[in-house]
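Here the structure is laid out as structure tokens; the discussion comes afterwards.
Residue numbers (the numbering used here): 37 to 255.
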């Protein structure tokens, strides 16, 4: 299993490198992105807003998230690699420039100060789970500084969203639910849902750089 994950990780790094090289050709404009957020703020611009598919959970915080990760996520929805009907419908309307502009906007949105405090240590059980999944090898020791900007920051993200996202990598052959990602699928399938929930709760408890910034029309 470890050899398989190592091979998949190497493939993912190569894919990310190719994607990053392409993404560098399209420069995001935060000011332009501010004019394109109408479809985003109805969910991501309301504190405590909950999605109801495939279960109830708080939608992810994206203000302060890495721009390249936002672009990678939108592309995954557009390609059908992530199967959420609402997000797929939104992503289908966006050009690559739109995605780059939205990523640039949300990366700087709220001007969150970088987290400098050392993360609190997990208990022994969760520490073993995180080590088994090799989570820090991509997402960083404090879950705030992933090794590649096309990977997400996770610290402080809503625990119910993290749990649903992790579970989605275990779902296959569904037309409206699940995420196709060789690396994350191989990792998530090692764990029970209870273990994924414990990991999500710990990561959510860490100080993070993301937050929800209410938009003017929703304040």
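Positions of the beta carbon are idealized from the N, C-alpha and C atoms, including for glycine.
Would you mind sorting residue 185 into buried or exposed? The rule is 16 or more other CB atoms within 10 Å of its CB.
Buried.
For a test of the three-state rule: what should DSSP assign to residue 71, helix, strand or coil?
Note: residue 71 maps to coil in three-state DSSP.
First and last residue of the uninterrupted alpha helix (DSSP H) at residue 143
Counting along the chain, residue 143 sits inside the alpha helix (DSSP H) bounded by residues 132-144.
So what does residue 257 bridge to, in DSSP terms?
The question about residue 257 has no answer here: the residues shown for the chain are numbered 37 through 255.
Beta-carbon separation (whole angstroms), residue 182 vs residue 242, contact threshold 8 Å:
At roughly 14 Å, the Cβ-Cβ gap does not stay under 8 Å, so residue 182 and residue 242 are not in contact.
Quick one: residues in its chain with C-beta nearer than 6 Å to the C-beta of residue 145, no 5 flanking neighbours on either side, listed in chain order?
Within the same chain, and ignoring the five residues on either side of residue 145 in sequence, the residues whose Cβ sits closer than 6 Å to its Cβ are 99, 249.
Strand pairing of residue 241, partner residues [DSSP]:
Note: residue 241 sits in no beta bridge, so no partner.
What residue does the alpha helix (DSSP H) around residue 169 start on, and which one ends it?
For residue 169, the enclosing alpha helix (DSSP H) starts and ends at 160-169.
Output the boundary residues of the alpha helix (DSSP H) element that contains residue 196.
Residue range 195-204 is occupied by the alpha helix (DSSP H) that includes residue 196.
Is residue 229 near residue 199, with beta carbons less than 9 Å apart?
Going by C-beta atoms, residue 229 is nearer than 9 Å to residue 199.
DSSP on residue 88, reduced to helix/strand/coil?
Coil.
Which residue wins for smallest C-alpha separation from residue 115, given the options 151, 246, 140, 132?
Out of 151, 246, 140, 132, 132 has the C-alpha closest to the C-alpha of residue 115.
Can residue 26 and residue 102 be called in contact, C-beta distance under 9 Å?
It is not possible to answer for residue 26, since the shown part of the chain is limited to 37 through 255.
Whose CA, out of 160, 153, 64, 112, lies closest to the CA of residue 214?
Proximity to residue 214 across 160, 153, 64, 112 peaks at 112, based on C-alpha coordinates.
Where does residue 186 sit, in a helix, a strand or coil, going by DSSP?
Of the three classes helix, strand and coil, the one that applies to residue 186 here is coil, per DSSP.
Helix, strand or coil: which one does DSSP assign to residue 247?
Three-state result, residue 247: strand.
Taking its Cβ as the centre, do 16 or more other Cβ atoms sit within 10 Å of residue 92, making it buried, or is it exposed?
Its Cβ having fewer than 16 others within 10 Å, residue 92 is exposed.
Could you tell me whether the Cβ atoms of residue 119 and residue 216 are closer together than 9 Å?
Yes, these two residues count as a Cβ contact at 9 Å.
Separation of residue 165 from residue 234, as counted between CA atoms
Straight-line measurement puts the Cα of residue 165 at about 9 Å from the Cα of residue 234.
Please tell me whether residue 69 and residue 127 are closer than 9 Å, where the distance is taken between their beta carbons.
Not in contact: residue 69 and residue 127 (Cβ atoms no closer than 9 Å).
Inter-residue CB distance, residue 240 and residue 192 (contact presumed, cutoff 8 Å)
With a contact defined as Cβ atoms closer than 8 Å, residue 240 and residue 192 qualify at about 7 Å.
Taking the alpha carbon of residue 178 as the reference point, which residue from 117, 189, 66 has its own alpha carbon closest?
Residue 189 is the option with its Cα nearest to residue 178.
Can you tell me where the alpha helix (DSSP H) holding residue 173 begins and where it ends?
Where residue 173 is concerned, the enclosing alpha helix (DSSP H) stretches over 172-175.
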